[in-house]
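**Student:**
Protein chains: 2
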Amino acid sequence: MEKRKLETCFSPALFEADCHTDSIVVIIDVLRASSAICNAFANGAASIIPVAEIEEAKMYKSKGYLVAAERDGFILDFADFGNSPFNFTKEKVKGKTIVYSTTNGTSLINLTRAAYMTVIGSFLNIGALTEWLIKQDRNVLLVCAGWKNRFNLEDTVCAGAIAKILMESNVFGTICDSTLASIDLWILASPDLHGYIDKSAQRSRLRDKNLDDCIEFCLTPDFTDKIPVMKNGVLVSV
Amino acid sequence: MEKRKLETCFSPALFEADCHTDSIVVIIDVLRASSAICNAFANGAASIIPVAEIEEAKMYKSKGYLVAAERDGFILDFADFGNSPFNFTKEKVKGKTIVYSTTNGTSLINLTRAAYMTVIGSFLNIGALTEWLIKQDRNVLLVCAGWKNRFNLEDTVCAGAIAKILMESNVFGTICDSTLASIDLWILASPDLHGYIDKSAQRSRLRDKNLDDCIEFCLTPDFTDKIPVMKNGVLVSV
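Taken in sequence, the protein lines are chains C and E. According to the numbering used here, the stretch in the first sequence is residues 375 to 612, in order. According to the numbering used here, the stretch in the second sequence is residues 375 to 612, in order.
#1: DSSP three-state call for residue 612 of chain C: helix, strand or coil?
#2: Could you tell me which of C:547, C:525, C:528 sits nearest to residue 508 of chain C, measuring between CA atoms?
#3: In the DSSP assignment, find the alpha helix (DSSP H) that holds residue 433 of chain C and state where it starts and stops.
#4: Between residue 463 of chain E and residue 526 of chain E, which are expected to be in contact by the criterion C-beta below 8 Å, what is the C-beta distance as a whole number of angstroms?
#5: Put residue 390 of chain E into one of helix, strand or coil per three-state DSSP.
#6: Would you mind reading off the limits of the beta strand (DSSP E) that contains residue 554 of chain E?
#7: Ends of the alpha helix (DSSP H) at residue 470 of chain E?
#8: Just to check my reading of the structure: residue 550 of chain E and residue 406 of chain E have Cβ atoms closer than 8 Å, yes? What is that Cβ distance to the nearest angstrom?
#9: Is there a Cβ from chain C that is less than 8 Å from the Cβ of residue 477 of chain E?
#10: Inspect the CB distances between the region 567-578 of chain E and the region 460-476 of chain E and report whether three or more fall short of 8 Å.
#11: What first and last residue would you give for the alpha helix (DSSP H) that runs through residue 541 of chain E?
#12: Relative to the alpha-carbon of residue 531 of chain C, which residue among C:506, C:376, C:404, C:490 has its alpha-carbon at the smallest distance?
#13: Taking CB distances under 8 Å as the criterion, tell me whether residue 530 of chain C reaches chain E.
#14: Beta carbon of residue 383 of chain C, beta carbon of residue 518 of chain C: below 8 Å?
#15: Would a check of beta-carbon distances place residue 518 of chain E closer than 8 Å to chain C?
#16: Closer than 8 Å, Cβ to Cβ, to anything on chain E: give me those residues from the region 536-556 of chain C, in chain order.
#17: Between residue 578 of chain E and chain C, is there a C-beta pair that is closer than 8 Å?
#18: By the 10 Å Cβ neighbour count, where 16 or more other Cβ atoms means buried, how is residue 459 of chain C classified, buried or exposed?
#19: Of the residues C:487, C:538, C:514, C:419, which one's Cα is nearest the Cα of residue 397 of chain C?
#20: Can you find the residues in the same chain that come closer than 6 Å, C-beta to C-beta, to residue 430 of chain C, ignoring five residues on each side of it along the sequence?
#21: When the Cα of residue 606 of chain E is compared with those of E:385, E:424, E:577, E:394, which residue comes out closest?
#22: Need the endpoints of the beta strand (DSSP E) that residue 442 of chain C sits in, please.
#23: Report, in whole angstroms, the separation of the C-beta atoms of residue 523 of chain E and residue 482 of chain C, which I expect to be a contact under 8 Å.
#24: Straight-line CA distance for residue 414 of chain E to residue 584 of chain E?
#25: Classify residue 395 of chain E: buried if its beta carbon has 16 or more other beta carbons within 10 angstroms, exposed otherwise.
#26: Examine chain C for any beta-carbon lying closer than 8 Å to the beta-carbon of residue 481 of chain E, and answer yes or no.
#27: Residue 449 of chain C bridges to which residues according to DSSP?
#28: Just checking, does the region 534-546 of chain C make contact with the region 555-568 of chain C on the three C-beta pairs under 8 Å criterion?
#29: So with CB distances below 8 Å, who are the chain E contacts of residue 388 of chain C?
#30: Say whether chain E places a C-beta atom closer than 8 Å to the C-beta of residue 622 of chain C.
#31: In this structure, does DSSP put residue 492 of chain E in helix, strand or coil?
#32: Taking the alpha carbon of residue 603 of chain C as the point to measure from, which residue in C:487, C:452, C:461, C:444 has its own alpha carbon closest?
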């Protein structure tokens, strides 16, 4: 049986749209968008509308939507809250549609247009996500959100953790150096994941802004079995 | 004393020109351009003119220059030879100016315009190069050539090997996740570098074309003390 292709892309800037029109694209932004989105669905959110521009988020706010919006880790003044997963509590989000805009948003939203399907991956949903990916009859591309198009460690080791499970299923094959490197880095990081992520650049950026309280939570495996999937421009849970 | 900045970029597509106008940029294309260029200078080449376009290489050929030119590992019909380091023998290159055009060429030549200085790095000149970089009073950016803008293992572990030496000199500091990852991958790869590179995508591509005879040579540390430096669009040796 021919194996399905598994590939990894370390930055949205390296995404090759033409190569992945038939693939499921997994977007990984561990600190903190992917984790926040997974937690929102874990807490019963009905759907999430990702928007690229601040003006668009503002327009939704004026229509009465709950808006989560930040730039560089800072909450925008008109928004209900920012990007910390801890904001997406059951009390706030259950049954609601949330409008969501982040620093990395624009380039990631563009990816969803080119691919067969886009889903959100994090440590929080890694078990359910990988089990689901194995069952689909599709090639998979893991896209690390990075930070302003730069490579980052936390998304890479999460991609490696996902890739390792997919490769062990034996239905995927890879000749992609990024996938091999991410698996190696995950194996290196996994005995002390917190310690490993502690040296990352984003960890320092969040610490400088006192936004690092959620890191331990974001590195928790299998907190939820929700898999956020993009459908017609809106994230819903499968 | 403030430390100099060390950063790493895993693909020319991730190069941020504005950030590095004052930096020394080290271009790393282990299989095979960097290694071929280092070997050419080791064998006494006077200078190398890198050209992006095939037509430009052809024009130089018609003027009597020695031309090394390939695309995707295949020698162009009008060229004297291709990209294997073994082509750049003392008999052929001593005292000569060589015109050089490769698949990855275009994007790399563009980098040289933006940076303070561009030099060529490989395992072959790693000792001399790192010693020289430590003596310069400049920030350093390591740029992995990759393959058609994709991340690759062999350039990354070479960047990691260079970065480890620079960091140990204590005059450099880094908050760059790519640098940290490359050092980790180098530490992982170094006990059996050939075995590690054996799993890389470029290794398979070269093997498929019977071009893999030079890999062992390209992974040899300290074969030469030549450091190719770009000056006015031409590579010369310091």
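Every residue, glycine too, gets a C-beta built ideally from N, C-alpha and C. Remember, it's a predicted structure, so these values are computed and weren't measured experimentally.
**Tutor:** The answer reads as follows:
#1: Residue numbering aside, residue 612 of chain C sits at position 238 when the first sequence is read from its first letter. Three-state DSSP puts residue 612 of chain C in coil, outside helix and strand.
#2: To locate residue 508 of chain C, count along the first sequence from 1; it is residue 134. Ranking C:547, C:525, C:528 by Cα distance to residue 508 of chain C puts C:547 first.
#3: In the first sequence, residue 433 of chain C corresponds to position 59, counting from 1. In the DSSP annotation of this structure, the continuous segment of the alpha helix (DSSP H) that includes residue 433 of chain C starts and ends at 428-436.
#4: Residue numbering aside, residue 463 of chain E sits at position 89 when the second sequence is read from its first letter. Residue numbering aside, residue 526 of chain E sits at position 152 when the second sequence is read from its first letter. Their Cβ separation, rounded to whole angstroms, is 27 Å, which puts residue 463 of chain E and residue 526 of chain E out of contact at 8 Å.
#5: Stepping through the second sequence from its first residue, residue 390 of chain E is reached at position 16. Looking at residue 390 of chain E - three-state DSSP - the assignment turns out to be coil, as it is neither helix nor strand.
#6: Translated into positions along the second sequence, residue 554 of chain E becomes position 180. From DSSP, residue 554 of chain E is part of no beta strand (DSSP E) but of the alpha helix (DSSP H) over 551-563.
#7: Indexing the second sequence from 1 puts residue 470 of chain E at position 96. DSSP places residue 470 of chain E in no alpha helix (DSSP H); its state is neither H nor E.
#8: Walking along the second sequence from the start, residue 550 of chain E turns up at place 176. Walking along the second sequence from the start, residue 406 of chain E turns up at place 32. Contact doesn't hold; Cβ gap of about 26 Å is too wide.
#9: Within the second sequence, numbered from 1, the residue matching residue 477 of chain E stands at position 103. Nearest CB-CB separation between residue 477 of chain E and chain C: not below the 8 Å threshold.
#10: With a cut-off of 8 Å on Cβ pairs, the region 567-578 of chain E is not in contact with the region 460-476 of chain E, counting fewer than three such pairs.
#11: The count along the second sequence starts at 1 and reaches residue 541 of chain E at position 167. Looking at the DSSP string, the run of the alpha helix (DSSP H) that includes residue 541 of chain E is 527-542.
#12: Taking the first sequence and counting its residues from 1, the one referred to as residue 531 of chain C is at position 157. Nearest of C:506, C:376, C:404, C:490 to residue 531 of chain C, Cα basis: C:404.
#13: In the first sequence, the residue the question calls residue 530 of chain C occupies position 156. Yes - at least one Cβ of chain E is within 8 Å of the one on residue 530 of chain C.
#14: Numbered from its first residue, the first sequence carries residue 383 of chain C at position 9. Numbered from its first residue, the first sequence carries residue 518 of chain C at position 144. Closer than 8 Å, so yes.
#15: Position 144 of the second sequence, counted from the first residue, corresponds to residue 518 of chain E. Between residue 518 of chain E and chain C, the shortest Cβ-Cβ separation is not below 8 Å.
#16: Taking 8 Å as the Cβ-Cβ cut-off, the region 536-556 of chain C approaches chain E at 549, 550, 551, 552, 554, 555, given in chain order.
#17: Here residue 578 of chain E corresponds to residue number 204 of the second sequence, with the count starting at 1. Chain C, which has a Cβ nearer than 8 Å to the Cβ of residue 578 of chain E, makes this yes.
#18: Residue 459 of chain C sits at position 85 when you count from the first residue of the first sequence. Per the 10 Å Cβ criterion, buried.
#19: Indexing the first sequence from 1 puts residue 397 of chain C at position 23. The residue with the shortest Cα to Cα distance from residue 397 of chain C is C:514.
#20: What you label residue 430 of chain C is simply residue 56 of the first sequence in a count that begins at 1. Excluding positions up to five away in sequence, the list is empty.
#21: Looking up residue 606 of chain E in the second sequence gives position 232. Taking only the C-alpha atoms, the option nearest residue 606 of chain E is E:424.
#22: As a first step, residue 442 of chain C is located in the first sequence; it is residue number 68 there, counting from the start. Going by DSSP, residue 442 of chain C is part of the beta strand (DSSP E) stretching over 440-445.
#23: Here residue 523 of chain E refers to the residue found at position 149 of the second sequence. Here residue 482 of chain C refers to the residue found at position 108 of the first sequence. The C-beta distance from residue 523 of chain E to residue 482 of chain C rounds to 19 Å, too long to meet the 8 Å contact threshold.
#24: Here residue 414 of chain E refers to the residue found at position 40 when the second sequence is read from its first residue. Here residue 584 of chain E refers to the residue found at position 210 when the second sequence is read from its first residue. If you take the alpha carbons of residue 414 of chain E and residue 584 of chain E, they lie about 22 Å apart.
#25: Stepping through the second sequence from its first residue, residue 395 of chain E is reached at position 21. Here residue 395 of chain E is exposed: its Cβ has fewer than 16 other Cβ atoms, across all protein chains shown, within 10 Å.
#26: By 1-based counting over the second sequence, the position of residue 481 of chain E is 107. Closer than 8 Å: no.
#27: Counting from one through the first sequence, the residue named residue 449 of chain C turns up at place 75. BP columns for residue 449 of chain C point to C:444.
#28: With the cut-off at 8 Å, the region 534-546 of chain C and the region 555-568 of chain C touch.
#29: Counting from one through the first sequence, the residue named residue 388 of chain C turns up at place 14. Those are 385, 387, 388, 523, 524, 525, listed as they occur along chain E.
#30: One cannot answer for residue 622 of chain C here, as it falls past the ends of chain C, which runs 375 to 612.
#31: The residue you call residue 492 of chain E lines up with position 118 of the second sequence. If DSSP states are grouped into helix, strand and coil, residue 492 of chain E belongs with the strands.
#32: Locating residue 603 of chain C in the first sequence gives position 229, where the first residue counts as 1. With distances taken between Cα atoms, residue 603 of chain C lies closest to C:487.
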